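Input: a single structure, listed below in structure tokens.
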RNA sequence: GGCGGUGUAGCUCAGGUGGUUAGAGCGACGGUCUCAUAAUCCGUAGGUCGUAGGUUCGAGUCCUACCGCCGCCA
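In the numbering used here, the protein residues as written are 2 to 692.
Here it is as structure tokens:
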């Protein structure tokens, strides 16, 4: 088992029709953390990511931008790669579906499936959704796509089909026999439910556009993007290659151990992909893990609301590790999670700066001060107390629990466990008061001090080793400060208590996580605004063919950000972000509205309208007639003499034949929107302007 | 509409097979120490466990209905 043990993990390949954002970063950094941990455990690990570059979208976008498709995809692919490099993602390979090695491999896969007799030619006449690249046979001509709501086109095409229907039973049996195949379980259940309704054959070629991989033996057709894209998992490790070492690589790494995906592409990965592989007589991946979406919280504080947040923003202000830690700690893996700058900074400060960073700082500083920067010798007997062993025992427990949880994709809980040790050591230091012990004379006290600081430093080392996959940059720094050299060379499988070399010299001690102040949130928000504005201006000049649905009454507060591949959520983020940047208006916009205090002089019901009141309101300069829909909430007699706030410069409007010159300001309360008039605690003069 | 999930303190979440005063972290408030990154540590803060019924000696934990949110149904 251990001989030749390998681990092959993949991200989805990202569709180049969208710009990289924090959702892509999330998927990728989760895989990175897993890959780093596996490597640290001494496992031969291969971590793949890349870009998906074919399809009609790309062809149209490139055309619209008057750019050759290849040039277009080169540019966006480089953006993805640039982001991942900036993030320090430790991918072993970055595959692009426009590379020759991929094309050859994808065609090879096609040929194998064909040889086994699972491909046939058929004709499809009906509706086609260009955006989703899907045949939607459930709707008639002129109907919108049930998937994305965009108009469908009527097409009649001769295509190649894949005999997907032949695999329903086999797939079901596979799910049943391999409960780990689809994770989490709720997704597995969905797939099973889907499968039980039966499978129809799948059209796997297109002849209406050219930007794709030619179907072997029939260059009039290109391969269906998903067949093309999915095969990357094989082609990247050498499938279909002529070179012997590439073939060996495939033998070694295939099947993949984990395909990490977003929940929107489950069907493609859990149904189509294994069916393709079965048809080609290739081994199936060990497991397909679907995470949730990253949503952008509608902040109750109504602070702001970034639409699409770029990972770069967070990285530039707080660093890579802050982003990694936040996403892995805050979000329950598998579920949707929300991202906000507030939560990010809070997490950063409390967990990283205050807890871990400060623990490191205080412990190492004391070793520097009291022991000249050499790891002190703990006393085996005299100066030993039970509290020391409690820390040791807890550390051992944490190693176990962390391992179990992390390997079960429960990153959040794994980190929680690790941090329980951080907390325990901080408390241990307060309880043992090494700074007091240091002031006392005598060998025994000296030995006691040594034991305390050794215990703290050793616990710190263990947390650091465990946290490395999540916090590669900072863990390396702490490791260095502990005087331990290159952390990635450490074998995590051997992690146990007592490995901190006695007498070892500490490195230079300095803060690893400087506290973030309030301005960091503002800085990030500002960067987002600038980027969004910039994107909006470029987007207008290079508008893509598939423009997203209009924002309508504002994008729903839960835009998925973890789009991975051809899903419907692929609308260009730039355009989506543009209209409302972050829902804020300028002060000038606000000042356009003239709000004044007025006093109600006359109030009476409007005949024939049970909700309307006719009001005469004194606003200092004049008495205005207003018609307001507040009759259900206020009696006319209760209003007379009352001071209210009105919008004074609203265009006049006629209601029930009465001209209304302004609007009364009221809160809308409850489900039925009951109006509650705005008022003041202090007395205010009539005509006062609000600003 | 069908199937599935979910609704627990301000926030994010724990709460096998029903059983004393419903938990944690963060935030808030008060206090403490001083080695440390205005950090640590301690204490407090009173959440009808979505709503209404039901089963039971006893339900957050089982059942029913309803409400809300979410997902899947090519």
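Don't be surprised by glycine CBs; every beta carbon is placed ideally from N, CA and C.
Bear in mind the structure is a predicted one, so any value in this text is a computation, not a measurement.
Nearest CA to the CA of residue i: which residue from the options?
i: residue 359; options: 451, 311 and 511; result: 511
i: residue 129; options: 141, 123, 121 and 122; result: 141
i: residue 47; options: 33, 524, 340 and 527; result: 33
i: residue 336; options: 182, 292, 161 and 596; result: 292
i: residue 638; options: 663, 528, 9 and 602; result: 602
i: residue 596; options: 665, 532 and 605; result: 665
i: residue 252; options: 7, 121, 604 and 156; result: 7
i: residue 383; options: 445, 364, 12 and 519; result: 445
i: residue 132; options: 119, 154 and 123; result: 154
i: residue 349; options: 366, 325 and 254; result: 325
i: residue 181; options: 104, 119, 88 and 408; result: 408
i: residue 644; options: 411, 102, 190 and 600; result: 600
Quick check on residue i: buried or exposed, where buried means 16 or more other Cβ atoms within 10 Å of its Cβ?
i: residue 52; result: buried
i: residue 480; result: buried
i: residue 166; result: exposed
i: residue 436; result: exposed
i: residue 54; result: buried
i: residue 370; result: exposed
i: residue 472; result: buried
i: residue 106; result: buried
i: residue 121; result: exposed
i: residue 351; result: exposed
i: residue 403; result: buried
i: residue 254; result: buried
i: residue 431; result: exposed
Who are the near neighbours of residue i in its chain, counting only those whose CB is closer than 6 Å to its CB and skipping five residues on each side?
i: residue 377; result: 451, 454 and 455
i: residue 304; result: Note that residue 304 has pLDDT 26, beneath the 50 cutoff, so the model's placement of it is unreliable and the number below is only indicative. Once the five neighbours on either side are set aside, residue 304 has no close Cβ partner at all.
i: residue 209; result: none
i: residue 621; result: 687 and 688
i: residue 322; result: 472, 474 and 475
i: residue 220; result: none
i: residue 286; result: 256, 257 and 260
Whole angstroms are fine: how far does the CA of residue j sit from the CA of residue i?
i: residue 224; j: residue 197; result: 27 Å
i: residue 212; j: residue 477; result: 44 Å
i: residue 206; j: residue 215; result: 9 Å
i: residue 60; j: residue 426; result: 58 Å
i: residue 290; j: residue 84; result: 23 Å
i: residue 400; j: residue 226; result: 43 Å
i: residue 257; j: residue 78; result: 23 Å
i: residue 239; j: residue 9; result: 13 Å
i: residue 493; j: residue 222; result: 50 Å
i: residue 264; j: residue 184; result: 10 Å
i: residue 268; j: residue 134; result: 15 Å
i: residue 284; j: residue 434; result: 59 Å
i: residue 543; j: residue 74; result: Note that residue 543 scores a pLDDT of 38, beneath 50, so its modelled location is shaky; the value from the coordinates is reported in the next line. Each residue's Cα considered, the two are about 14 Å apart.
i: residue 380; j: residue 448; result: 6 Å
i: residue 331; j: residue 413; result: 6 Å
i: residue 145; j: residue 62; result: 21 Å
i: residue 634; j: residue 625; result: 21 Å
i: residue 415; j: residue 468; result: 10 Å
i: residue 531; j: residue 186; result: 41 Å
i: residue 372; j: residue 490; result: 27 Å
i: residue 100; j: residue 228; result: 15 Å
i: residue 315; j: residue 192; result: 35 Å
i: residue 1; j: residue 248; result: Past the boundaries of the shown model lies residue 1; the chain is included only from 2 to 692, so the question cannot be answered.
i: residue 282; j: residue 230; result: 18 Å
i: residue 158; j: residue 96; result: 31 Å
Excluding sequence positions up to five away, which residues of its chain have a Cβ less than 7 Å from the Cβ of residue i?
i: residue 244; result: none
i: residue 374; result: 368, 506 and 507
i: residue 204; result: 125, 136, 160, 162 and 225
i: residue 606; result: 614, 632 and 637
i: residue 92; result: 48, 49, 50 and 85
For residue i, which residues in the same chain have their Cβ closer than 8 Å to its Cβ, ignoring the five residues on either side in sequence?
i: residue 484; result: 376, 502, 505, 506, 507 and 508
i: residue 217; result: 108, 111, 112 and 115
i: residue 385; result: 379 and 452
i: residue 498; result: 393, 396, 397, 459 and 463
i: residue 199; result: 166 and 169
i: residue 119; result: 163, 164, 167 and 280
So does the stretch 512 to 530 actually touch the stretch 339 to 355, counting three or more Cβ pairs closer than 8 Å?
-> yes
Looking at C-beta atoms only, is the number of pairs between the stretch 388 to 399 and the stretch 7 to 18 that lie closer than 8 Å three or more?
-> no
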